[in-house]
Each structure stands twice: as C-alpha cells, then as structure tokens.
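Undergrad: One structure, as structure tokens, below. Some questions next.
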C-alpha cells in the first residue's frame, strides 16, 4: 500500500477506518504492556442503552433503515492507545514507515528526534471521543465521560455505522488509497454527513447539545490533552484531519440545499474527487466543474539518470498538499498550528494559501541512488499565469527557509518565451526552480552534471486539460463583490446599510492581535421626531466553531455574559443572513451609561458575534433595523 508522505497521519487513521483492526479483547501478548483497566460494567451498560435509544433517531434523520443492529462498547484512553498500537503493528509495514519518515525528514518537516508514529497516536487518542470501526462493524465511545452528554457524538458515530451498511466505507476508501485528492474528498463527505446528522439532532434536542458543550468545557483532562497536542504536533499532521470536520460540513451543507435525505445519496453516487473541489465548493457544485490537469512526464527521472537510481514515490499533490508544505516554513509558530488562526479558521499561512489557491494539478517524485540523499522532482500547474507568478515567489521564500544557512541563490534568469529560472545551491546541493507559462517545475539535490542532464527532460513535461473541465477564472463570481467591508484573510464580508458609517480606524486598531474582528460600525440615532438618542457602535467578529441553536445560549452564558447575572429571559431567538441564533441583553451594573446587546448566529460551520453598544434608548430604537444590518453578512470557506 502506498501513502502520501505529507499525510502520515492519514496513514495512521486509515488503520482504524480501512484496515482490519486488532481484536477488542486486549489480551496480553508476550512482552506487551499489561492491558489497561477498562470502564465499569455500569458505565458500559448505560452507553449501550443510549446507543439503542438513539439508533432509530439517527435512522429517521438520515432517511435510511438499519439492515442490522450495530454493536457498541466503551474504551478508556489507555485502551484506545493499546488498540491503535496493535493495529499499527498488525497492518503497517515497518520498511514503508521508515521510507515515508525518511522522505518527510528530507523535506524538513520532521525533526531528527521526532517519532511521527508516536506523535500521531498521541494526537488521535487525546482528541477522539469515539469512532466506528467498519472492519468490526462496531462503535466505540470514550469512557470516563457523562454518557448523557455524549448523545450528539453517539449520533455522529451511529451515522457512520448506518451509512456503512449502504456504501461500505472500508471498500470505498480502499479504492482511493493511491488517490490523495479523492481520499480527502471522500473523507470530507463522510464526516460532513455525520456532522450534518449531529447538527440536526442538536437542533431537535437543544438540551443535549448544551450538556455536551458544558461537559467539554468542564473536562480538564480533555482540555489539557488537546493543548498538549496542539503544542507538540506539527500542523501538517493535524490539518488534514481537522479539515475533514470543517471543510466536509461546509461542502455538505452547501450541496444538500436543505434536503439531507435526498441529496446526500446523490453526493455519494457522484462525489467530488479533489481537495480543491472541497476547499472551493463553487468549483464543483455549480454548473461548471473544475477538474485538475493531467501531468505527463516526458520520461521517468530514474530512467533519465540511469543505473543505480530508484523511484521511491511518484504521487499526486493536491492544493492542500502544496499549502501544508509551504505553510510549514511560512507559518508563524515554527511549524505548529497557531491558536489565534485556529480560532478564526485561517489554518494555513496567508501566503501559503494564496500560492496554493490557483492550483490546477501537481505531482511530486522522490528518487534515490543507493544510500545517498533523496532527490525531489515536482511539477505544478496553475489556473493563470498570475497564479503561477505568485506561487513562484512563495516557492522561493519557502526554499530559502528550508535550506537555511546553506541557501545560495543565483540570479533569476528570464529566458525566451518569458520563462523564469532560478538556480541555487542548498542543503542537498544544486537545485533549480522555473516558472514556464502557468506551470512550476522544481528539481532539488542532484549534482551539477546530473542536473544538466535531467533538467531538459523535466522541462518537457506536458500538462493536459481534463475532458469535462468547464470552470474558468473569468466566469468565477466573487462572493464579496460590492461589499463595503471585506476581510479576505478570514473569508468574511459585510454589506453595510446607508444609515451606518464604517469606522476604518476602529477596524484597523481592533484587528491588531484580534484577527477575528470583521468590522466596526457606528451610527447616530434619532427618534421619530429628530431628537438625538445617542451613538451606537456595532463590532462584528467571527469564530471558527459551528454551533447549533441549542449550544448558543451556553456560549453566551459562559463567555459573553460571564461575570453577570445571566438570565434566560434576556434571550431572544433571531435569524440573520439565513443563520439561526440569539440576541442577548447583557445585565450591566445599575447606573452604567451604556447598554450592551450581544448577537450570536451560526451556519453550523462558522459563528458570527455582534456586540451592540450605546445608550439604552438608542440601542432599543434600532432593534428593528438589526435585521437589515446583520442580513449583510457574507462568507466563503477559508482554510
């Protein structure tokens, strides 16, 4: 089996989604660690009872009947780790893991002392609340939590089990094991569908969603474990999986158009096939489809260089693959995931994302001669010449950081037909990067004579437009066209009614250190007779967390109304820009000259918070105008 070096974590997760899992009895092997103590029989019985209760609820939400019951059980975190280690031992070829690790180290994305296997296992066990094993056809939940608070998670996992009886999750993913784009897209559909079921359940059972959020916020062990994970895990190992739960629901919600039962089946029958299509739903869900170009090598690099050379991998590289590699060197936190970025959803460095968003196809080849270092050869093609220019500049910045003190750049040459070529010397010797039309070619680590022989062959790489590719940049619609406030870095815009004034200075100041701030508006309010009631200010910000209507009051209680006398009577349900939520009047101490009203709405993937401040009379006067004001929110998915 072949795997992408950039996505070693996917390999490890696949052991529990695709491959035969270790037996659930945790019998000790000779020399193995003692089996950890399991959950109590009482806790196990209550969880199984909840699974039985929620089975038919899940079937009704999805519109499918169970073909047979699904078994359920509990695992402690220690048991989960034992199970995962056993599966790795059973299914992972040690030589394959060593080869993959060697390649990732060659790209500089893993330190010499970092064990990718242990990092991935720690990450999975610290963040998983449960999982469905399609090999055993069994659902596992994490022990040690209040079973009642786990109902939304149980529905999510039951949805996996139910769909598996109709589409065979294991077989569908096995068929995609050599297709990185298709695998990411399909995993996003799986998690997007399960999250859709969870959101519907939470809307129907708001108390269950509140209990889960309250339980999570009070679970000190869970919070500390996740904090350690974010601190110790390279971002490239986490983001692929995190995006299954963000990009997947975003795509599914847009694709379903309000008909979960009918349109989800259609999605599985004709699924998207690339990372790009999931990251930019408009390139697949519209009338025109954006399909990647085929990359055809003029000759294999190992054949070009001759005897002694071995090809380790020749693999596709999607938009996300490219973005994660660039982000590792350009991101703000030394290759780790920025907590500030995580909060607002800008998970990848803006330059890395900008360089990757024009992607239209990519492949990367790793070759080696004996025990010498690995040589990297790659080709990427972009939608436009401008996209290729931007990618070239970001590539240069990335190569400079990757090579550090060994970097010696040459002069960028502009050759015939406006071809850019940059030759350099780096950690592994000479290298060359070129922009030829809409394409980038890169060759790194050969000796001068070998480079001179191999480069002309790489330069003859062909790029073929796929049959059925009808999407064009010229026909693309900018969702923010005409918006008065646009925060493109986080993918949010805002149409502003004429009665409001944009506080540009306020936006500039508040965004410093607070990237989630979208806009600051103000307005002088007069009553019906022209008498001034005072000035009102509105601050709009976003959060990278989808909420159900049931969880929003809990967020208001614990974050917005913290320190005040929270009252359910101060809540009023609202719908703005098609998103459901609440407005809450914050209880301030007597005598305060201002009134504060907080608005929280969510589309299930992202949430929006509006803070309205001003004299009580003025805030009350504009209450009916808030519909027009907050209906002006526009957004697009950002990663």
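Numbering (the numbering used here), first residue to last: 54 to 692. Positions of the beta carbon are idealized from the N, C-alpha and C atoms, including for glycine.
So residue 414 and residue 434 are supposed to be a Cβ contact under 8 Å. How far apart are they, rounded?
TA: Right, the Cβ-Cβ distance comes to about 5 Å (below 8 Å), so this counts as a contact.
Undergrad: Return the Cβ separation of residue 397 and residue 595 in integer angstroms, given the expectation that the two are a contact with Cβ distance under 8 Å.
TA: Sure, about 6 Å apart at Cβ, within 8 Å.
Undergrad: Quick one: grab the DSSP three-state call for residue 205.
TA: Residue 205: helix per DSSP, three-state reduction.
Undergrad: Looking at the unbroken alpha helix (DSSP H) that takes in residue 409, where does it start and where does it end?
TA: That run of the alpha helix (DSSP H) goes 403-409.
Undergrad: Work out the CA separation of residue 564 and residue 371 for me, nearest whole Å.
TA: Between residue 371 and residue 564, the C-alpha separation is close to 32 Å.
Undergrad: To the nearest angstrom, how far is the alpha carbon of residue 311 from that of residue 631?
TA: The alpha-carbon atoms of residue 311 and residue 631 are separated by roughly 12 Å.
Undergrad: Buried or exposed: residue 276, going by 16 or more other Cβ atoms within 10 Å of its Cβ?
TA: Burial call: exposed.
Undergrad: Within 10 Å of its beta-carbon, does residue 323 have 16 or more other beta-carbons around it, so buried, or fewer, so exposed?
TA: Result: exposed.
Undergrad: Could you tell me which uninterrupted alpha helix (DSSP H) segments, each at least 4 residues in length, are contained entirely in the stretch 318-389, listed from first to last along the chain?
TA: As far as the stretch 318-389 is concerned, its whole alpha helix (DSSP H) runs of at least 4 residues are 328-332, 335-338, 354-358, 372-383.
Undergrad: Near residue 468, what residues of its chain come up, given a Cβ to Cβ distance below 7 Å and the 5 sequence neighbours on each side ignored?
TA: So the qualifying residues of the chain are 474.
Undergrad: With three or more C-beta pairs closer than 8 Å as the rule, is the stretch 104-114 touching the stretch 294-307?
TA: No, the stretch 294-307 is not in contact with the stretch 104-114.
Undergrad: Can you give the beta carbon distance from residue 389 to residue 284, rounded, assuming they're within the 8 Å contact cut?
TA: The Cβ separation is near 7 Å, so the contact holds.
Undergrad: Within a Cβ cutoff of 6 Å, which residues of the same chain sit near residue 252, ignoring the five residues on either side of it in sequence?
TA: So the qualifying residues of the chain are 601, 657.
Undergrad: Excluding the five sequence neighbours on either side, which residues of its own chain have a C-beta within less than 7 Å of the C-beta of residue 395, listed in chain order?
TA: Excluding sequence neighbours, residue 395 sits near 597.
Undergrad: Is it the case that the stretch 481-497 contacts the stretch 518-525, given that we only count it when at least three CB pairs across the two stretches are under 8 Å?
TA: No, they do not touch.
Undergrad: Taking the DSSP output, what are the residues bridged to residue 432?
TA: 416, 494.
Undergrad: Measuring CB to CB, does residue 411 end up less than 8 Å from residue 376?
TA: No, Cβ-Cβ distance for residue 411 and residue 376 is not below 8 Å.
Undergrad: Could you tell me whether the stretch 154-164 touches the stretch 105-125, where touching means 3 or more Cβ pairs closer than 8 Å?
TA: The stretch 154-164 vs the stretch 105-125: no contact.
Undergrad: Just to confirm, are residue 471 and residue 484 a CB contact at a threshold of 8 Å?
TA: Cβ atoms of residue 471 and residue 484: not closer than 8 Å.
Undergrad: With 16 as the cutoff for other CB atoms within 10 Å, does residue 262 come out buried or exposed?
TA: The residue in question, residue 262, is buried, as its Cβ has 16 or more Cβ neighbours within 10 Å.
Undergrad: Are there 16 or more other CB atoms within 10 angstroms of the CB of residue 50, so buried, or fewer, so exposed?
TA: The structure shown does not extend to residue 50, since the chain is modelled only from 54 to 692, so the question has no answer here.
Undergrad: Taking 8 Å as the cut-off, decide whether the C-beta atoms of residue 689 and residue 672 are in contact.
TA: No, these two residues do not count as a Cβ contact at 8 Å.
Undergrad: Do residue 178 and residue 236 have their C-beta atoms within less than 8 Å of each other?
TA: Not in contact: residue 178 and residue 236 (Cβ atoms no closer than 8 Å).
Undergrad: Taking 8 Å as the cut-off, does the stretch 423-440 touch the stretch 497-515 (at least 3 CB pairs, one atom from each stretch)?
TA: The stretch 497-515 vs the stretch 423-440: in contact.
Undergrad: Residue 201 to residue 260, Cα distance in whole Å?
TA: Computed Cα separation, rounded: 10 Å.
Undergrad: What does a CB cutoff of less than 6 Å around residue 553 pick up in its chain, not counting 5 residues either side in sequence?
TA: Closer than 6 Å at the Cβ level, and outside the excluded window around residue 553, lie 574, 576.
Undergrad: Under the three-state reduction of DSSP, which class applies to residue 38: helix, strand or coil?
TA: The structure shown does not extend to residue 38, since the chain is modelled only from 54 to 692, so the question has no answer here.
Undergrad: Which same chain residues end up closer than 6 Å to residue 82 when comparing Cβ atoms and leaving out the 5 residues on each side of it in sequence?
TA: Residue confidence is low: residue 82 scores 39 on pLDDT, short of 50, so the model does not pin down where it sits. Its coordinate-derived value is still stated next. Closer than 6 Å at Cβ, skipping near neighbours: no residue.
Undergrad: Let me make sure I understand the geometry here. Which of 544, 547, 241 has the alpha-carbon closest to that of residue 293?
TA: When each option's Cα is compared against that of residue 293, the closest is 241.
Undergrad: What does residue 578 pair with, by DSSP beta-bridge criteria?
TA: Per DSSP, 587.
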